[in-house]
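Some notes on the structure that comes next.
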Amino acid sequence: MKRTFQTAIMAFISVGCTHSVHVNHTSDYQLSKPLSEYRRIEARAEQEVILMSTTATYASEAYKSLMEQCEGGVVTGIQTRYSTSHGFLSWTNVVEMKGYCSK
Amino acid sequence: MAVCLVGCVHMSAVSTTSIPADRRKPVEATGYRFLFLMINFDNNYVDELTQDLANQCKNGRVEGILTKQEDIMYFPLFAHAVQVSATGYCVVGTPPAPVHEQAAPEEPSQETSTEAADRELLKEAAARELLKEAAARELLETP
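Structure (structure tokens):
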């Protein structure tokens, strides 16, 4: 009983303490003017997973959000980071995109 | 049993290229491979992806390509699949001219008239030396 209690306490303490980066990708830079004249934009999309997930649309959501922040302009130099933060019997997948908007 | 019957999708990779301003014509391509017992003999299904995108944009170039690789589990161990999808935009027209660092303008020569005269003298001296060498060579060669 004591051991079970200790294990439960340990599990509770260690919740959410691990994070892992799966992919960190940087796109090309298509510059028509100096980079300092571009606007920095960011987008983030998450997916909460409990045991399992049946879709992976959050990457498209981040991409769409990035585009919406730069209507009529070029988004270049995009850094895409895909990571997972682990919890107790659950985890959160995160896609972060950071880029430069020409407008 | 319930766990076994529920499908599962996991994204294993994602990347994107620069997104163009002209987003009127979206293009999309997907590569798919079903894996029985997780056995896969080749990865050629991915090669068709770029060709498929290019065919949808024959007179332009594809930009803003979002590529995703997803691992799909239909039933543990027995039925799996891998899907690689790419979406982008077909852009027709010339790409923007790249920015280059402008070369610094050439500074006007600060040479004074004395320096120029010195340079001329050095040139003349070098020419005289060459003439002397040529004359000496001729003397040696004559029988």
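In order, the protein sequence lines correspond to chains A and B.
Plus 477 on top of the position in the first sequence (first one is 1) and you've got my numbering.
Plus 178 on top of the position in the second sequence (first one is 1) and you've got my numbering.
We put the CB at the ideal spot given by N, CA and C, even for glycine.
- If you look at residue 542 of chain A, you'll find it in the alpha helix (DSSP H) that goes 535 to 545.
- Around the beta-carbon of residue 246 of chain B, 16 or more other beta-carbon atoms lie within 10 Å, marking it buried.
- Looking at B:208, B:201, B:255, B:239, the one whose alpha-carbon comes closest to that of residue 223 of chain B is B:208.
- Beta bridge pairing from DSSP links residue 558 of chain A with A:501, A:573.
- In the three-state scheme derived from DSSP, where H, G and I count as helix and E and B as strand, residue 234 of chain B is classed as coil.
- The DSSP-derived three-state label of residue 202 of chain B is coil.
- Interface criterion not met: the Cβ of residue 564 of chain A is under 9 angstroms from no Cβ in chain B.
- Following the DSSP letters along the chain, one finds residue 523 of chain A inside the beta strand (DSSP E) bounded by residues 516 to 527.
- Short of 8 angstroms from the beta carbon of residue 528 of chain A, and not among the five residues preceding or following it, lie these beta carbons of its own chain, in chain order: 566, 567.
- Around residue 216 of chain B, no beta-carbon contact reaches into chain A at under 9 angstroms, the shortest distance being about 17 angstroms.
- For residue 555 of chain A, the chain B residues whose C-beta falls within less than 8 angstroms of its own C-beta are 194, 195, 196, 197, listed in chain order.
- In this model, residue 480 of chain A and residue 569 of chain A are separated by some 29 angstroms (Cα to Cα).
- With contact defined as three or more Cβ pairs closer than 8 angstroms, the stretch 291 to 300 of chain B and the stretch 215 to 233 of chain B are not in contact.
- At least 9 angstroms separates the CB of residue 575 of chain A from every CB of chain B.
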